[in-house]
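K.L.:
Protein chains in written order, with my numbering: chain A, 1 to 379; chain B, 1001 to 1379; chain C, 2001 to 2379; chain D, 3001 to 3379.
Protein chains: 4
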Amino acid sequence: MTGLGIGLIGTGYMGKCHALAWNAVAAVFGDVERPRLAVLAEASQDLAERKARELGFARATGDWRSLVTDPAVDVVSITTPNAFHPEMAIAALEAGKHVWCEKPMATRLPDAERMLAAARASGKVAALGYNYIQNPIVRLIRRLLDEGRIGEVNHVRVEMDEDFMANPEELFYWKSEASSGHGALDDFGVHALSLIWILFGGVRRVCGHMAKPYADRPVKDGGRRSVETYDIATTLIELDNGASGAIALNRSAWGRKGRIFVQLFGSKGTIVFDQERMNEVQLYTTDGAGETQGFRTILTSPHHSPYDKFIPAPGHGLGFNDLKIVECRELIRRIDGEAAHLITFDDGIRIERAVDAIARSAHSGVWVDIATGGDRQAA
Amino acid sequence: MTGLGIGLIGTGYMGKCHALAWNAVAAVFGDVERPRLAVLAEASQDLAERKARELGFARATGDWRSLVTDPAVDVVSITTPNAFHPEMAIAALEAGKHVWCEKPMATRLPDAERMLAAARASGKVAALGYNYIQNPIVRLIRRLLDEGRIGEVNHVRVEMDEDFMANPEELFYWKSEASSGHGALDDFGVHALSLIWILFGGVRRVCGHMAKPYADRPVKDGGRRSVETYDIATTLIELDNGASGAIALNRSAWGRKGRIFVQLFGSKGTIVFDQERMNEVQLYTTDGAGETQGFRTILTSPHHSPYDKFIPAPGHGLGFNDLKIVECRELIRRIDGEAAHLITFDDGIRIERAVDAIARSAHSGVWVDIATGGDRQAA
Amino acid sequence: MTGLGIGLIGTGYMGKCHALAWNAVAAVFGDVERPRLAVLAEASQDLAERKARELGFARATGDWRSLVTDPAVDVVSITTPNAFHPEMAIAALEAGKHVWCEKPMATRLPDAERMLAAARASGKVAALGYNYIQNPIVRLIRRLLDEGRIGEVNHVRVEMDEDFMANPEELFYWKSEASSGHGALDDFGVHALSLIWILFGGVRRVCGHMAKPYADRPVKDGGRRSVETYDIATTLIELDNGASGAIALNRSAWGRKGRIFVQLFGSKGTIVFDQERMNEVQLYTTDGAGETQGFRTILTSPHHSPYDKFIPAPGHGLGFNDLKIVECRELIRRIDGEAAHLITFDDGIRIERAVDAIARSAHSGVWVDIATGGDRQAA
Amino acid sequence: MTGLGIGLIGTGYMGKCHALAWNAVAAVFGDVERPRLAVLAEASQDLAERKARELGFARATGDWRSLVTDPAVDVVSITTPNAFHPEMAIAALEAGKHVWCEKPMATRLPDAERMLAAARASGKVAALGYNYIQNPIVRLIRRLLDEGRIGEVNHVRVEMDEDFMANPEELFYWKSEASSGHGALDDFGVHALSLIWILFGGVRRVCGHMAKPYADRPVKDGGRRSVETYDIATTLIELDNGASGAIALNRSAWGRKGRIFVQLFGSKGTIVFDQERMNEVQLYTTDGAGETQGFRTILTSPHHSPYDKFIPAPGHGLGFNDLKIVECRELIRRIDGEAAHLITFDDGIRIERAVDAIARSAHSGVWVDIATGGDRQAA
């Protein structure tokens, strides 16, 4: 028997991350056939060939369309800029390939809806790259919630902050153009929403606000250009389960590098997590005498599947790239027809709709009800 | 020359705290006359006498009205439940006494406005007990802001969480009755607003949300009673200075004991503070090479006035009660006609108006503009 | 009935701290007679009078000998430089006064032994100022140990680090002179030993090492003078209970301000404490499922006596000066003939002997057995 | 051109880690030829074949001797239990292969010396697996030291603690047998010494102590067996550069999972690192005003080579397995004749000699001078 044939489109930040995952998944997990790294597509044939050699792919192409129809390819990893996702994903699905597309689905909701339709029509697996939900910590949290360890969750706060847009004197570039999307909200706010989705399910109402910390930025030839996107977004939310909450996003937050700060308050305890310390989670429960109650810092360990597949000793730490290897394994699981801890297009569309609702609310200044936007499915 | 004559009404949590401050202020600072602890009022003569003996007051009374007119009294400390503040403060001011009243001013905005009017009419000092702004860390933050160390602040987040209402099986008591106020918002949200006020000035627009984590609570004789107040409140804000922000309050937050988590994002850096670690502040600036940039943890020290009045060595730590001693010194400064780091009724009314606006917004579901609510004064 | 009459010698760092404690102890605890602040002694009559006014003492003197025999004085607080402790303490004890003397007992072991003899002969309470053991956290630790919460403790590490000697370009001053003692070992190492004593009892064997980070320091008139004391000391220890351990002391540790880092390893768990975060303690136990085991951070609260006497709410934080108020209450308890959490001369002499043994070991390069140095008593 | 041919002996904890590194190194770094995973050896042919399939090796053998002479093999990864290292490494070197052997070199110093002799005779690269020095943080620390950012380092503390031997009721197994070595000292203490070596060079004098937290452990058939190894070791050290220090090791430290706590005190600052938070380092310097000095937490980022080869964004975190990939790249660098950040047998022998000296000191109770044990070379 032979492993899945892989086609990779794009070799930037996430493209390399996918490639590393495809290279490693069999060795890490030991229970899947080694994928065949079949074809790599880049903007030019030359670049594609160089990257194919580095990343271990058998063939290279400067034409992604040939990749998505290549008979040697079973799964297409799409890691190009967001604007390309719809065309590539739909083409791959229509060619009968499974798709593993980086988040978000698209820059506009209608495109995402078309992608979902294509996925449903194809009957193939269409998964999204939401790395952070693959942290074994997140699965631990989910299990703790399911077991009622902190009771009923009634309040949720999620913050996501980085500082790649924090310098007001950095030259204007495409992330400040309206065509790139709303700003922090869709640029990385989708990660916050993915965590809420995987832990709790849907959001039913939102009230958003978006802000520009800097009205303009310098341009190369001198002068300044008005910023069109919102580097900051804050949102009040109500979840389907009735919990209240807030989401705060800031991509101009000096000093924050990869912070995703999650606070889950329940009737019997509290869970706190920070992605910048991705191998730790804080748990407070009301068990035991009051004098020794406190937030405990749990370090990731072989207790927290699938950490054990990476390292047999506790507390030694997974890295960001390992999360993609986990996601890769989940994708294969889904392709094999098993249940998987994964965000598919069916789930992802809810995230996209929430983004759209928050943006509309920010512009209108009133609460927006998400449920009215379309049918809802179980996770 | 002789020190100020002190009258203390109430000897609960904050009453004892006031008494400790009046006892200690002269010895700590060494530059004020030792206050005369003149009269203590409690609900009964017996209780008053016992407490006067413990706390070092010369005389005791079961009638607070006699205290506020007592010639030996120059300043009245009011530490009774919030509902009593207006009557007592107004009586004391009308009797020509200075007033040091615990926050918040009142349970209803019109009462607070009457207190302000009385204060203005009296010409006496009317100050509020907002302990947390007295942390030397807060003054350090203010100085860092004034010096532009983190540039222009464009985003502010303040969280305040405790868990004294977290247990859903605790018996219903007055904090769940509508007559006690809105809930988390005025019960301690005023502290969050006091920090914003002292650091940045006013809030111009708010959009609030309030939630009940528990619909009902048990009553003594069996059965359950509906909860009328909101233990959780979240608010989107815009400050007068244009910054965006969010306030999140939860008095049912298991594991949080005295958390006031403040994040101030600026164009050149970030400041983070947590009252649960009240002797530390985190500062990130863009100074120096990128490879060594990071949040630095600054421990309180004699560099941070008036820490030096308490301890000559750095990093040894002030406590919660010390903050009240600092506040006491500021109050005396104000009485002596000097500038003081203090929240007076003139400032406090802005906090009360913000509370009122947030509550109205939470009920209406739309943003409320605070500036339209009345005149604004410089801090 | 009237409270104890207090005589205070010295008004520096610790003198003020004692004064604040005597001022506050009755109001904080509510169950002791208010001490009478009778006489204050300082180097000159003028200074004494000024300080007496500030600190609330009735009378002042420039002659400490008159203070220790003053009929109005029941307890003498000795807060002068260490070299004066023996003479003053012995005089006070011989005059029939209780003594509360700051640590360490003396600069030379024979003097400490003479102090102990005087204390025993007097029948009066002779207590030492070891603030850190008064942290409610320390009592909590002791109780957890007694209850076997971490099983048998088999390994102990204590570090104490500050940076007041860290700058090599600071002018030579008396702390670098041999006459001031060994250096870090007795200057503050006694605090580390006091914690070991109160938690575990005696140390039976030591192997020490002392180091000079800087060979010389500048003098005022130019040039440099050789440093005679050791700013760094490290020691291997074996406790009476058989546990192994290490003590590391550094008063030239840049960035450490008041760090006392304690790690206690037992057969069922671990306790970690850092005085720089004096309102927290970390506890790890093997209770419960492995997947949720972790160090829990316990915040001080009313559960941890006598925190409740200061603040009725948890997590609000005591300060360094509050520890002295606790110690003051324990002293009064002992004077009243009750058991007390306190280091008396009988206990303190063991600390002094351990210091002496460590210093001898550091010079000889071999282990020194402390038990052979004299009789041992139960704590 | 073709990549190095790899032979892997052993597929346990570290064997898998090596395999993952060989699989990933080319894709991560993009500047080396993709290694050929040629032969894998395990205890049996069956196991070898299964593991070869999982880990991507072309051939499998149950006979490691055939692997070390296989013409397709250029480098031999040795990841078997320590007792096998000498025989395998010497055979591989004698067969003209490069060797990458997990730490420590051997269970007895004479064996390690024989390995060194074989390496020198072969002219091949003989490297040791010391993962932790490959953390980009460690290189950052080294660079900061070289640049004098914390001045002259005068005091060093290294702690290494895990809890895999912490349960006294776990069945006796080989780690408690004397044949396995001294205990914590060589089992993982070598890691502590490797960090000291890479940052500072050699240790010149040591004074050790070793302890058994549990005298005996249960055996399967009932009863208990005496423990022969020391789960705890503490050592006073003097470095070649004159700095004093201490090393504390505990493999029965409940709650510690992979803690390596390093404190480096210098004349101008301090560096603190904890491997359990392997993506952070704390730096304190005396730059700037005292009021804003503090330990800054630096998160790993592309500033810290070779983090950038893994992830282009800061603060996203490397994992434990990534360190082995870095080490693999350094090994290839060395094979290519370049300078490398790597511990070779020439360096490793100093670590082994230090271990031997500490153990002898622990038994004799006196300081042992390491320099007298043999020639020293520059790092």
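Just so it is clear, CB atoms sit at the ideal spot from N, CA and C, and this is done for glycine as well.
Given the structure is predicted, the values throughout are model-derived calculations rather than measurements.
(1) With 8 Å as the C-beta to C-beta threshold (strictly closer), list the residues of the segment 1295-1312 of chain B near chain D in chain order.
(2) For D:Ile3237 and D:Gly3245, what's the separation of their Cα atoms in angstroms?
(3) How many Å lie between C:Leu2331 and B:Lys1016 at the Cα?
(4) Since A:Gly7 and A:Leu93 are thought to touch, with beta carbons under 8 Å apart, how far apart are those beta carbons, to the nearest angstrom?
(5) List the residues of chain C that D:Ile3232 touches, going by C-beta distances under 7 Å, in chain order.
(6) At least one CB of chain C closer than 7 Å to the CB of A:Glu291: is that the case?
(7) Quick one: is B:Ala1211 buried, meaning 16 or more other Cβ sit within 10 Å of its Cβ, or exposed?
(8) Counting only beta-carbon separations shorter than 7 Å, does C:Leu2055 have a partner in chain B?
(9) So with CB distances below 7 Å, who are the chain C contacts of D:Pro3081?
(10) Against chain B, does C:Tyr2013 count as a neighbour if the rule is that its beta carbon must be under 7 Å from one of theirs?
(11) Across the segment 1275-1282 of chain B and the segment 1131-1139 of chain B, are there enough close Cβ pairs to call them in contact, namely three or more that are closer than 8 Å?
(12) Report the rounded CA-to-CA distance for D:Tyr3284 versus D:Ser3267, giving the unit in angstroms.
(13) So with CB distances below 7 Å, who are the chain D contacts of B:Leu1140?
(14) Among the residues of its own chain, which have a CB less than 6 Å from the CB of D:Gly3208, if the five just before and after it don't count?
(15) Looking at the structure shown, is D:Tyr3173 part of a helix, part of a strand, or coil, going by DSSP?
(16) Just list the residues that DSSP pairs A:His393 with in beta bridges.
(17) Taking B:Ala1253 as the query, report the chain A residues whose CB atoms sit under 9 Å from its CB, ordered along the chain.
(18) For B:Leu1434, does the count of other Cβ atoms within 10 angstroms reach 16, so buried, or fall short, so exposed?
(19) Any contact between the segment 2157-2172 of chain C and the segment 2248-2267 of chain C? By contact I mean 3 or more CB pairs, one from each, below 8 Å.
(20) Under 8 Å, with one C-beta from each stretch per pair, do the segment 3100-3109 of chain D and the segment 3338-3354 of chain D reach the 3-pair mark?
(21) Per DSSP, B:Met1210 is paired with what?
(22) How big is the Cα-Cα spacing for B:Ile1232 and B:Glu1147?
(23) CB B:Asn1023 to CB C:Ala2027, shorter than 7 Å?
(24) On the DSSP letters alone, give me the boundaries of the beta strand (DSSP E) that B:Pro957 sits inside.
(25) Beta-carbon of D:His3209 versus every beta-carbon of chain C: anything under 7 Å?
(26) Does chain B have any CB closer than 7 Å to the CB of C:Val2075?
(27) My understanding is that A:Ala58 touches A:Leu37, with C-beta atoms under 8 Å, so please give their C-beta distance in whole angstroms.
(28) Would you mind reading off the limits of the alpha helix (DSSP H) that contains C:Gly2189?
(29) May I ask which residues mark the beginning and end of the alpha helix (DSSP H) holding D:Gly3348?
(30) Identify the contact partners of C:Val2028 in chain B, using a Cβ-Cβ distance below 7 Å as the criterion.
(31) Along chain A, which residues have their Cβ under 8 Å away from the Cβ of C:Tyr2283?
(32) Does DSSP put D:Glu3238 in a helix, in a strand, or in coil?
(33) So, does the segment 3169-3179 of chain D touch the segment 3220-3227 of chain D, judging by three or more C-beta pairs under 8 Å?
(34) According to DSSP, simplified to helix, strand and coil, what is B:Met1278?
(35) Could you round the C-beta distance between D:Asp3240 and D:Arg3204 to whole angstroms and report it? I think they count as a contact, below 8 Å.
(36) Going by other Cβ atoms of all chains shown within 10 Å of its Cβ, with 16 needed for buried, is C:Val2206 buried or exposed?
P.N.:
Taking the structure as given:
(1) Phe1295, Arg1296, Thr1297, Ile1298, Leu1299, Ser1301, His1303 and His1304
(2) 5 Å
(3) 23 Å
(4) Incorrect: roughly 13 Å between the Cβ atoms, too far for contact.
(5) His2155 and Ser2244
(6) yes
(7) buried
(8) yes
(9) Correct list: empty, because the minimum Cβ distance to chain C is about 26 Å.
(10) yes
(11) yes
(12) 11 Å
(13) Glu3291
(14) Thr3235, Ile3358, Ser3361 and Ala3362
(15) coil
(16) Lying before the first or after the last residue shown, residue 393 of chain A is absent from chain A, which here runs from 1 to 379.
(17) His155, Gln263, Phe265 and Thr270
(18) Outside the displayed span of chain B (1001 to 1379) sits residue 1434 of chain B, for which this structure offers no information.
(19) yes
(20) yes
(21) B:Ala1233
(22) 35 Å
(23) yes
(24) The question about residue 957 of chain B has no answer here: the residues shown for chain B are numbered 1001 through 1379.
(25) yes
(26) no
(27) 6 Å
(28) Gly2189 to Phe2200
(29) Phe3345 to Ser3364
(30) Leu1020
(31) According to the sequence provided, residue 2283 of chain C is Leu. The question's Tyr does not apply to it. Within chain A, the residues near C:Leu2283 are Thr292 and Gly294.
(32) strand
(33) yes
(34) coil
(35) 5 Å
(36) buried
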